[in-house]
Amino acid sequence: RAQLCPSDAESRRSGDPSMTDITAPGHDVLPDPGSVDSDSSSGLDEAPVAAADVSDGLSVDECVLKAVEAKERGNGSFKGGENAEACQAYQLAAQYLRRHSEVPAAKEVLLSVQTNLAAAQLRLELWEDAAAAATAALALHPASVKALFRRGVARARMGELSDAKADLTAVCKADARNRDARSELAAVQERLAAAKEAEKEKLSRLFAGKSLYAPEEREVRRKAAEQAKRDRERVAREAAEEEALRADWRRECERLREEARSERRGRREA
């Protein structure tokens, strides 16, 4: 399985899954922390009791504090490989903040919580949940590279290749040095190409030999040829975009090499 997240040694030590590898499978047990059972002891049908909101009666600052505490518990569980427990803690943290998502301090913590939740859910191979958590993070910060990457990975695992490609391409454009995103993008492009070849083979078999439906088949072939032309044009555009990304990568590598040479010259001259 391809590595699913940009590596970062410092974040691995801290246990924060914001930049930690997310490849371990598991199982999800995520009850709603706010559920309340209705009292049915009277034997009469009663209206269900609404679930209490964990943020009831708390100020914004208190909600942020509670959310940070829950997030840190989630980070500890994530670091220890307890991914279901990490999801539980992150979901609790999110509940404290949902009413206050427009408050800057709460919004910042909620963004981190949602991206961390997506990381834990990817470890559990909960692809739909991970995509939903990453989408929630992107609603707060549309340019979040971590959220885009994690949603792209989740979409790729679900077979939503075109959407996955869009997310991963955006990551590569924002961070040309992100090798994991480039690797995931390459894998998605290979799968798209294989799917296209399979479709071409299917059409080829369909039109092999003579048929009583020649006019209809000619129309299908015409439409297929037009689609193939559009596909070639799209592939050419994508190739140009990829070449631009590679050029950015080469320029960045050259810049880093030049910085290293300058640093060595400075040490020798000193």
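Numbering (the working numbering), first residue to last: 807 to 1076. Glycine is no exception: its CB is placed at the ideal position from the N, C-alpha and C atoms.
Under the three-pair Cβ rule at 8 Å, the region 901-909 does not count as touching the region 921-928. For residue 922, the enclosing alpha helix (DSSP H) begins and ends at 910-929. In this chain, residue 865 is not harboured by any alpha helix (DSSP H), its DSSP state being neither H nor E. Three or more Cβ pairs drawn from the region 989-998 and the region 955-974 lie within less than 8 Å of each other, which places the two stretches in contact. Going by beta carbons, residue 970 and residue 994 fall inside the 8 Å limit. The criterion of a C-beta distance shorter than 8 Å is not satisfied by residue 875 and residue 883. The beta carbons of residue 1051 and residue 982 sit closer together than 8 Å.
Between residue 887 and residue 899, the C-beta spacing is not below 8 Å. Scanning its chain for C-beta atoms nearer than 7 Å, with the 5 sequence neighbours on each side dropped, one finds around residue 912 the residues 866, 869, 870, 903 and 906, in chain order.
Separation of residue 1026 and residue 999 (C-alpha to C-alpha, rounded to the nearest whole angstrom) is 21 Å. Counting along the chain, no alpha helix (DSSP H) covers residue 860, and no H or E run does either.
Here residue 950 is buried. Its C-beta has 16 or more other C-beta atoms within 10 Å. Under the three-state reduction of DSSP output, residue 881 falls in the helix class.
Annotation for residue 934: the continuous alpha helix (DSSP H) segment containing it runs 933-946.
Under the three-state reduction of DSSP, residue 888 is assigned to coil, being neither helix nor strand.
In this structure residue 924 touches residue 956 by the C-beta definition: roughly 4 Å separates them, less than 8 Å.
With a 10 Å radius around the Cβ and a threshold of 16 neighbouring Cβ atoms, residue 958 comes out buried. In the structure shown, the three-state DSSP call for residue 873 is helix.
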